[in-house]
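Visitor:
Numbering (the numbering used here), first residue to last: 349 to 1201.
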């Protein structure tokens, strides 16, 4: 296994390129990390700020400097003893016009495209008007209005044609230019042009998908285009005649409409995507089309360059993005493991809900760290303070506090709106299945849709992993059974037997290709529904304490016990998962969460403060939940400039989808939110009160202490610690794009050289310990909870590794009363009780290596 000891995550884009990353190599080596962990750096869509919108799997991103700059980065890293871990995106690609040659080919050639099977397209969808056509919902208004407004323009480039709509360009099928060329030949008689018009029209139809027809179409269309381009260049009158005909088409909307109707795509108003889209996306992002990586040919084509980088030693590890989007994650990971080799470090981005565990059959080292993030975050929250915080929230907002019911409602809402098309395709498949079973064929399409929605809404995890031809895992049976029971309870008006039938189908108790297709497709719908409804909706609606509203977290779970934390760490000790506390996707940085985690310890002061602050501003013009969120955000990220606060609140309110949204923006409400944010921070009395509150309650110091605790645990627990760019100093960032702001590395280099900043010193000390004493942290080092006795035992996290050679002790709840001096933990080597050191309210964490305690 490659020695991936500790990673440092960077977000690459045009403003932070391969050369910028190369310049970090000496700093990272001094810090003590073993690997630079990069965001995806295959060729992405033009202007990409994150790299998850790949358009070409065979090139390194030119905006980052391309292959030449990548080689410089690799050389700089290797010279400093640093390897690479790369984030890869197997689930989807960006459409991005000509930039994605595969998608362009699909739009040009429809089902007969060489890449038609690369993408998860339903060529025979429930919407009969879309048979053999891809819906392209890019128009700002209804198609007819856009056409009549003259916003669609036919273009010619040599022997090829396209249609332009503002910044969008789409190909014209070569088979459909026959009439245009024939009319041009009438303007300037030419046997050669007439011959070409006939030949274009005789190209195999896009519906002919047999191998010979596909090869003939693709071979001949390029030959014909070349001949046409040469003819136009040789005889300018012919080129002019064709261009005149192009202009005539643009001037006659009826003729242009006929041409567009012959294409392998259907231009449509952007709002149609939610209900009629006929291809699977990344969640609800229409510009990210899902890739069928389960196909061996597609896997080989999309992973060729990545696997070359692994094979030549450039890349030591891969982090698989959005593994739950894949039809069969296990089969994919087995194929990836076989191709990458046993020594490659593999992790997956997988959200584990509640007590869910990563499937032991997956050939990976673990997850990319959200589960650790959630667990260490929970550890910092005092469960005994839950009711007090709930009371403050309920009194101030009057909001409902049943998160489970909020989640169910949000899931149903998402399935009725932005993911309605996914549900409709699933319903169509369910109808096919029901038709084949006489006992169930009389259920209406509405019945089937309702049953699907309710069972998906009742799922308490992202998805199951049922695969045709394989034994169904008992865990999957339990997941489906729980969901069906909840669905029956929620909708007693629906036939209980229909729910039972669906439950049996989802665990393959019925044989048949259609039945397997339903079960496998279902799993690719339940996951995005969970993500969009819970993390991207409920987390912005239920704001009792937003430090709990984190990726993979459960806002209803208020903290955890030390014993629960130990149990999970012990269970994970045999793997090498990533241990993250901040990522590019977290709702707020580790330091913001750490500060807010201490709020429950000063619950009374907090309740008084929000009442006082609200009274200062009178009628806010916004809802109370948003106002409550604003106060938490200000306190958690203070000092916070007005522009960052306004940008965050815009995202938060639109994700909540209660008063405004990205799809249906309400300008009046948006303006009220922005105005209130500006007015609050312009109020000198309010600003002074916030600063006085933070000083009086010592909340900033408590947050820093919590941050040091979680950093210590991340760097000492079993697994591979990951540092997100810039978080080696106190970093008070909010959700993206706020957490992708430029990092001041000159400051960090200087502080590292000077030994400044407690967090930076702690990180460097522990990373160097990991480098110098690897036996203390490897898989064989284990994880042994240390018993703690006394009245404050529940505040002390104590464990040892490597048979007691490393002992770690940390104390939580820094704003509570000082730890009782009689609280002890046992020295695992001697069995002697050792007092937990206390200095007033500044509880001192104890740890070290053998002989240095």
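We put the CB at the ideal spot given by N, CA and C, even for glycine.
Distance check for residue 1128 and residue 353, CA to CA, integer angstroms please.
Guide: By 1-based counting over the chain shown, the position of residue 353 is 5. By 1-based counting over the chain shown, the position of residue 1128 is 780. If I take the Cα positions, the gap works out to 14 Å.
Visitor: Beta-carbon within less than 6 Å of residue 677's beta-carbon, same chain only, minus the 5 sequence neighbours each way: which residues are those?
Guide: Mapped onto the chain shown, residue 677 falls at position 329. Closer than 6 Å at Cβ, skipping near neighbours: 671.
Visitor: At which residues does the beta strand (DSSP E) containing residue 357 begin and terminate?
Guide: Along the chain shown, one-based indexing puts residue 357 at 9. Segment 355-358, the beta strand (DSSP E) holding residue 357.
Visitor: Who are the near neighbours of residue 1031 in its chain, counting only those whose CB is closer than 8 Å to its CB and skipping five residues on each side?
Guide: Residue 1031 sits at position 683 when you count from the first residue of the chain shown. Correct list, in chain order: 964 and 965.
Visitor: According to DSSP, simplified to helix, strand and coil, what is residue 1158?
Guide: Taking the first residue of the chain shown as position 1, residue 1158 is located at position 810. Residue 1158: strand per DSSP, three-state reduction.
Visitor: With a CB to CB cut of under 7 Å and the five nearest residues on each side skipped, what residues in its chain are close to residue 865?
Guide: Counting from 1 along the chain shown, the entry for residue 865 is found at position 517. The answer, listed in chain order, is 777.
Visitor: In three-state terms, what does DSSP make of residue 1066?
Guide: Residue mapping note: residue 1066 aligns to position 718 of the chain shown, counting from 1. Residue 1066: coil per DSSP, three-state reduction.
Visitor: Determine the direct distance from the alpha carbon of residue 1160 to that of residue 883, and round the result to whole angstroms.
Guide: Start at 1 with the first residue of the chain shown, and residue 883 comes out as number 535. Start at 1 with the first residue of the chain shown, and residue 1160 comes out as number 812. Those two C-alpha atoms are separated by around 27 Å.
Visitor: Could I get the ranges of all uninterrupted alpha helix (DSSP H) runs contained in the stretch 671-758, with 4 residues as the minimum, in chain order?
Guide: Taking only runs of at least 4 residues, the alpha helix (DSSP H) segments lying wholly in the stretch 671-758 are 677-688, 718-727 and 734-745.
Visitor: Expressed to the nearest angstrom, what Euclidean distance is found between the alpha-carbon atoms of residue 1125 and residue 815?
Guide: Counting from one through the chain shown, the residue named residue 1125 turns up at place 777. Counting from one through the chain shown, the residue named residue 815 turns up at place 467. The straight-line gap from Cα to Cα measures roughly 37 Å.
Visitor: Residue 1093 and residue 601: beta carbons closer than 8 Å?
Guide: The residue labelled residue 1093 in the question sits at position 745 within the chain shown. The residue labelled residue 601 in the question sits at position 253 within the chain shown. Cβ atoms of residue 1093 and residue 601: not closer than 8 Å.
Visitor: Given residue 456, which residues of its chain have a CB within under 8 Å of its CB, disregarding the five upstream and five downstream residues?
Guide: Here residue 456 refers to the residue found at position 108 of the chain shown. 519, 520, 521, 522 and 612.
Visitor: Tell me whether the beta-carbon of residue 728 lies closer than 8 Å to the beta-carbon of residue 877.
Guide: Translated into positions along the chain shown, residue 728 becomes position 380. Translated into positions along the chain shown, residue 877 becomes position 529. No, the Cβ-Cβ distance between residue 728 and residue 877 is not below 8 Å.
Visitor: Considering only their Cβ atoms, is the gap separating residue 1067 from residue 926 smaller than 8 Å?
Guide: Within the chain shown, residue 926 is the residue found at index 578, counting from 1. Within the chain shown, residue 1067 is the residue found at index 719, counting from 1. Yes; because the gap between Cβ atoms is below 8 Å, this pair is in contact.
Visitor: Once the 5 residues before and after residue 797 are set aside, which same chain residues still bring their CB inside 7 Å of it?
Guide: Numbered from its first residue, the chain shown carries residue 797 at position 449. For residue 797, where only same-chain residues beyond five positions count, the Cβ hits under 7 Å are 771 and 775.
Visitor: Distance, Cα to Cα, residue 575 vs residue 507?
Guide: Your numbering for residue 575 matches position 227 in the chain shown. Your numbering for residue 507 matches position 159 in the chain shown. Their Cα atoms are separated by approximately 8 Å.
Visitor: Apart from the five residues just before and just after residue 1010, which ones in its own chain have a Cβ nearer than 6 Å to its Cβ?
Guide: Within the chain shown, numbered from 1, the residue matching residue 1010 stands at position 662. The answer, listed in chain order, is 1002.
Visitor: Give the DSSP bridge partners of residue 665, in chain order.
Guide: If you number the chain shown from 1, residue 665 lands on position 317. Looking at the DSSP assignment, residue 665 forms a beta bridge with 433 and 693.
Visitor: Per the contact definition of three or more C-beta pairs closer than 8 Å, is the stretch 1067-1082 in contact with the stretch 1107-1125?
Guide: By the Cβ criterion, the stretch 1107-1125 is in contact with the stretch 1067-1082, since at least three pairs of Cβ atoms, one from each stretch, lie closer than 8 Å.
Visitor: On the DSSP bridge assignment, give the partners of residue 315 in chain order.
Guide: One cannot answer for residue 315 here, as it falls past the ends of the chain, which runs 349 to 1201.
Visitor: First and last residue of the beta strand (DSSP E) that includes residue 1279?
Guide: Only positions 349 to 1201 of the chain appear in the structure, and residue 1279 is not among them; the question remains open.
Visitor: In whole angstroms, what separates the C-alpha of residue 368 from that of residue 723?
Guide: Position 20 of the chain shown, counting from 1, holds the residue named residue 368. Position 375 of the chain shown, counting from 1, holds the residue named residue 723. Spanning the two alpha carbons is a distance of roughly 34 Å.
Visitor: Taking the straight line between their C-alpha atoms, what separation do you get for residue 863 and residue 820?
Guide: Residue numbering aside, residue 863 sits at position 515 when the chain shown is read from its first letter. Residue numbering aside, residue 820 sits at position 472 when the chain shown is read from its first letter. Looking at the two C-alpha atoms, the distance is approximately 14 Å.
Visitor: Span of the alpha helix (DSSP H) holding residue 580?
Guide: For the purposes of this step, residue 580 is taken as residue 232 along the chain shown, with counting starting at 1. It spans 559-582 - the alpha helix (DSSP H) in which residue 580 sits, taken as one unbroken run.
Visitor: Using the beta-carbon count (16 or more within 10 Å), is residue 943 buried or exposed?
Guide: In the chain shown, counting from the first residue as 1, residue 943 sits at position 595. Its Cβ being crowded by 16 or more others within 10 Å, residue 943 is buried.
Visitor: Nearest by alpha-carbon distance to residue 381: which of 1117, 1154, 1147 and 1139 is it?
Guide: Position 33 of the chain shown, counted from the start, is the residue given in the question as residue 381. Closest option to residue 381, Cα to Cα, is 1117.
Visitor: With a cut-off of 8 Å, do at least 3 Cβ pairs link the stretch 409-426 to the stretch 644-652?
Guide: no
Visitor: Alpha helix (DSSP H) containing residue 943: first to last residue?
Guide: The count along the chain shown starts at 1 and reaches residue 943 at position 595. Here the alpha helix (DSSP H) through residue 943 covers 938-944.
Visitor: What is the residue span of the beta strand (DSSP E) that residue 392 lies within?
Guide: Numbered from 1 along the chain shown, position 44 holds the residue referred to as residue 392. Counted as a single uninterrupted DSSP element, the beta strand (DSSP E) harbouring residue 392 occupies residues 390-392.
Visitor: Looking at residue 1158: is its Cβ nearer than 8 Å to the Cβ of residue 1145?
Guide: The sequence position of residue 1158 within the chain shown is 810, counting from 1. The sequence position of residue 1145 within the chain shown is 797, counting from 1. Yes, these two residues count as a Cβ contact at 8 Å.
Visitor: Hey, residue 733 and residue 949: beta-carbon distance below 8 Å or not?
Guide: Within the chain shown, residue 733 is the residue found at index 385, counting from 1. Within the chain shown, residue 949 is the residue found at index 601, counting from 1. Between residue 733 and residue 949, the gap from beta carbon to beta carbon is short of 8 Å.
Visitor: Here's the rule I'm using: 16 or more other beta-carbon atoms within 10 Å means buried, otherwise exposed. How should residue 1013 be labelled?
Guide: Start at 1 with the first residue of the chain shown, and residue 1013 comes out as number 665. That one is exposed.
Visitor: What are the start and end residues of the alpha helix (DSSP H) that includes residue 849?
Guide: Here residue 849 is taken as the residue at index 501 of the chain shown, counted from 1. 844-854 is the extent of the alpha helix (DSSP H) around residue 849.
Visitor: Using DSSP bridges, identify the partner residues of residue 421.
Guide: One-based indexing of the chain shown puts residue 421 at position 73. The partner list for residue 421 (beta bridge, DSSP) is empty, contrary to what the question assumes.
Visitor: Under 7 Å Cβ to Cβ from residue 979, same chain only, skipping five residues before and after it: list those, please.
Guide: Locating residue 979 in the chain shown gives position 631, where the first residue counts as 1. Once the five neighbours on either side are set aside, the close Cβ partners of residue 979 are 958 and 961.
Visitor: Taking residue 1203 as part of the beta strand (DSSP E), name the residues at either end of that continuous run.
Guide: Since the first residue shown for the chain is 349 and the last is 1201, residue 1203 is missing from the structure and cannot be characterised.
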